[in-house]
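To start, the structure itself, in structure tokens.
Protein chains: 2
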Amino acid sequence: MSTSDHTSIPAPPTKTRILDAAERLFASNGFRATSLRELTSAAEVNLAAVHYHFGSKEGLIRAVFARRLDPINRERLERLDTLELARRPGEPPVPLAGLIEAFVAPALELLGHPDGQAFPRLLGRLHSDPDRDKVRELLFEQFDELRRRFMPAFAAAAPHLDYTEICWRLHFVVGAMAHVMTCGDDLVWVSDGRIQNPTGREAIGRLVAFGAAGMLAAPPVR
Amino acid sequence: MSTSDHTSIPAPPTKTRILDAAERLFASNGFRATSLRELTSAAEVNLAAVHYHFGSKEGLIRAVFARRLDPINRERLERLDTLELARRPGEPPVPLAGLIEAFVAPALELLGHPDGQAFPRLLGRLHSDPDRDKVRELLFEQFDELRRRFMPAFAAAAPHLDYTEICWRLHFVVGAMAHVMTCGDDLVWVSDGRIQNPTGREAIGRLVAFGAAGMLAAPPVR
DNA sequence: GTCTATAGACGGATAGAC
DNA sequence: GTCTATCCGTCTATAGAC
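Protein chains in written order, with the numbering used here: chain A, 1 to 222; chain B, 223 to 444.
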């Protein structure tokens, strides 16, 4: 209070400035290709501040993921709760489209959002990134709970498929979702410019329609 | 001839040994994380041989992609030729499932193949890799031809969709395909071990069934 | 074509003053 | 909490002998 100017917007604290710059630079250039020197210059903080606040470069990337992923996965589970609580016993199971939307929407909604706009690239790339083991333990707990909650719901909603076929098709849905998060630019290219700035909202609607139809298809002959 | 032992299998030439090691290491650890020292040790060649044969590390990665991608994309176009030539004028268009298979099979078939087994990881990650610009020019020409040939075929096969909707759904199919190529391990995990060593053949059949059903779905309401 | 040796730059991490 | 200065390892690339 003593030295602050009560009319100016205070600059975010050092820790937040580092996280913001890290999210943006890791998303666009990758983890390994982003040096701490480049990162701290962009954040306008001292090089040593990263080690003070996060211990190491690896600790920083873990913090970057934790900050965004916690709320996303919490919302996924809350949406699933809502769907399941709205269903009375004896009624048909929660429909596939609802389950898919509960899973993909919380992640894709960040696409158009000004805050955390860069994070989807990072999250989508996570699945194929060679550095994913740096955040593996962090993610494992959360994703394991997602799996425990969503898999039975999908099994009930798709009684025409055996368990392995459901896994395959969810794998396809996750791949499509990740691709939208990482490669919006490719969409501009394949459409020859007819698609511009795809928003999270339209991505969600289209992916839910596509994914639900794919999940509903008869299983392929062996 | 003068010094070779005619009873032993000759070791592959230096250039091939470098390409093989590079493909394997780039696939598992990524481009930036793989040093030329590690690579040349694994290939049992001298460090300077990379620069002699490929000019630079960047030239090497371009050569790694060119070696595998040329035949894959050639086969995609040949399969499309076959489908279109088998169709007489006046008959219904080439079905969606056939088009999807023509596109995804040549890439996914490498999954179980002993030679070039590592390449799919590399290819699948390509879409989201921050280093993709290092091979962008190389890929652009080939993918542009794929787009020119496949897009009209999909448009004819999916008259219920407008052009942008087709682009979105192909984007989903490509994402699913890429995810299968990079993340077979995830499939083992989500299925709780019930799926082991997914082969290219079963991936193709399942993805074609899923993707064709997704493409056939009615477009979502705006 | 293949090797050794080394240049030249950059990386993450840390000590210690303030 | 923040800063400067620096350690020490690793990297790509190249020069030049063979």
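Think of the CB as a built atom: it goes at the ideal place given N, C-alpha and C, for glycine as much as any other residue.
- Message: With a threshold of 8 Å between beta-carbons, can A102/A be considered close to chain B, or not?
- Response: So, not an interface residue.
- Item | Beta carbon of G422/B nearer than 8 Å to that of L348/B | Their beta carbons are not under 8 Å apart, which means G422/B does not touch L348/B by this criterion.
- Chain-ordered neighbours of L207/A on chain B, where CB pairs are closer than 7 Å: Within chain B, the residues near L207/A are F394.
- Item | Residues, ordered as in the chain, of the stretch 6 to 35 of chain A that lie near chain B by beta-carbon distance below 8 Å | Shown in chain order are the members of the stretch 6 to 35 of chain A whose Cβ falls below 8 Å from a Cβ of chain B: S28, N29, G30, R32 and A33.
- Between the stretch 203 to 222 of chain A and the stretch 141 to 153 of chain A, are three or more C-beta pairs nearer than 8 Å? The stretch 203 to 222 of chain A, when compared against the stretch 141 to 153 of chain A, does not touch it at the 8 Å Cβ threshold.
- Task: Evaluate G90/A with the Cβ neighbour count: other Cβ atoms within 10 Å of its Cβ, from every protein chain shown; 16 or more gives buried, anything less gives exposed.
- Result: Its Cβ having fewer than 16 others within 10 Å, G90/A is exposed.
- Task: Enumerate in chain order the residues of its own chain whose CB-to-CB distance from D162/A is below 7 Å, with the five nearest sequence positions on each side excluded.
- Result: The answer is none, since no qualifying residue turns up.
- Any residues in the stretch 414 to 442 of chain B with a beta carbon nearer than 9 Å to a beta carbon of chain A? Which ones, in chain order? From the stretch 414 to 442 of chain B, only D414, R416, I417, P420, E424, A425, G427, R428, L429, V430, A431, F432, G433, A434, A435, G436, M437, L438, A439, A440, P441 and P442 have a Cβ closer than 9 Å to chain A.
- Query: Quick one, which of L241/B, I231/B, V357/B and P293/B has its alpha-carbon nearest S263/B's?
  - Reply: Restricting attention to L241/B, I231/B, V357/B and P293/B, the CA atom closest to the CA of S263/B is found in L241/B.
- Message: Can you tell me whether I418/B is helix, strand or coil according to DSSP?
- Response: Reading the sequence as shown, one finds Gln at residue 418/B and not Ile. Shown here, Q418/B sits in coil according to DSSP, grouped into three states, outside any helix or strand.
- Item | Alpha carbon of G55/A to alpha carbon of A203/A, nearest angstrom | G55/A and A203/A: Cα-Cα distance of roughly 38 Å.
- Task: Name the residue from G346/B, R239/B, F372/B and R358/B whose alpha carbon lies nearest to the alpha carbon of G252/B.
- Result: Closest by alpha carbon: G346/B.
- Euclidean distance between Cα positions of V410/B and S8/A: Cα to Cα, V410/B sits roughly 54 Å from S8/A.
- Task: Could you list the residues in the stretch 152 to 184 of chain A with a C-beta less than 8 Å from some C-beta on chain B, going in chain order?
- Result: Listed by position along the chain: Y163, T164, E165, C167, W168, R169, L170, H171, F172, V173, V174, G175, A176, M177, A178, H179, V180, T182 and C183.
- Message: Would D408/B pass as an interface residue toward chain A - the criterion being a Cβ-Cβ separation below 8 Å?
- Response: Chain A places a beta carbon closer than 8 Å to that of D408/B, counting this residue as a contact.
- Message: Counting only Cβ-Cβ distances shorter than 8 Å, please list the residues of the stretch 124 to 139 of chain A near chain B, keeping chain order.
- Response: Cβ contacts with chain B come from G124, R125, H127, S128, D129, P130 and D131.
- How would you call H198/A, buried or exposed, if buried means at least 16 neighbouring beta carbons within 10 angstroms? Looking at the sequence itself, residue 198/A is Pro, so the reference to His does not match. Residue environment for P198/A: buried (at least 16 other C-beta atoms within 10 angstroms of its C-beta).
- Taking Cβ positions, are F248/B and I294/B nearer each other than 8 Å? The beta carbons of F248/B and I294/B sit no closer together than 8 Å.
- Query: For T164/A, is the beta carbon positioned less than 7 Å from some heavy atom of the ligand MN?
  - Reply: What this structure holds is no ligand at all, so the ligand MN is not there to describe.
- Query: Mind pulling the beta strand (DSSP E) runs of 3 or more residues that sit fully within the stretch 163 to 216 of chain A?
  - Reply: With a minimum length of 3 residues, no continuous beta strand (DSSP E) run stays inside the stretch 163 to 216 of chain A.
- Item | CA-to-CA distance, Q339/B to A156/A, given in whole angstroms | Between the alpha carbons of A156/A and Q339/B lies a distance of about 36 Å.
- Which of the three DSSP states, helix, strand or coil, is assigned to D303/B? Three-state result, D303/B: helix.
- Taking V94/A as the query, report the chain B residues whose CB atoms sit under 8 Å from its CB, ordered along the chain. Under the 8 Å cutoff, chain B gives no residues; its nearest Cβ is about 19 Å from V94/A.
- Task: With R444/B as the anchor, note down where its alpha helix (DSSP H) starts and where it stops.
- Result: In the DSSP assignment, R444/B falls outside any alpha helix (DSSP H), carrying neither H nor E.
- Beta-carbon of V190/A versus every beta-carbon of chain B: anything under 8 Å? For V190/A, the answer is yes, since a Cβ of chain B falls inside 8 Å of its Cβ.
- Between the Cα of E165/A and the Cα atoms of P336/B, T404/B and A431/B, which residue gives the shortest distance? Looking at the Cα atoms, A431/B is the closest of the given residues.
- Message: According to DSSP, simplified to helix, strand and coil, what is L161/A?
- Response: Coil.
- In chain order, which alpha helix (DSSP H) runs of at least 4 residues are fully inside the stretch 266 to 319 of chain B? You should have 269 to 276 and 279 to 308.
- Task: Rank S257/B, C405/B, A265/B and P232/B by C-alpha distance to the C-alpha of L344/B and give the top, closest one.
- Result: For L344/B, the closest C-alpha among the options S257/B, C405/B, A265/B and P232/B is that of C405/B.
- Item | Test: R147/A CB closer than 8 Å to a CB of chain B | Interface residue, yes.
- Task: Given a cut-off of 8 Å, decide if F341/B and R416/B are closer than it, judged by their beta-carbon atoms.
- Result: Not in contact: R416/B and F341/B (Cβ atoms no closer than 8 Å).
- Range covered by the alpha helix (DSSP H) that runs through L111/A: No alpha helix (DSSP H) contains L111/A, which DSSP labels as neither H nor E.
- Task: Determine the DSSP secondary structure at S224/B, reduced to helix, strand or coil.
- Result: Because S224/B carries a pLDDT of 42, less than 50, the predicted location of this residue cannot be relied on, and no value is offered for it.
- Item | Backbone secondary structure at D129/A - three-state DSSP | It is coil, neither helix nor strand.
- Query: How many whole angstroms separate the CB atoms of E23/A and V64/A, which I take to be in contact at a CB cut-off of 8 Å?
  - Reply: Right, their Cβ atoms sit about 5 Å apart.
- Kindly give me the distance between the Cβ atoms of A329/B and M399/B, rounded to whole angstroms, as I take these residues to be in contact under 8 Å. About 7 Å separates the two Cβ atoms, so the contact holds.
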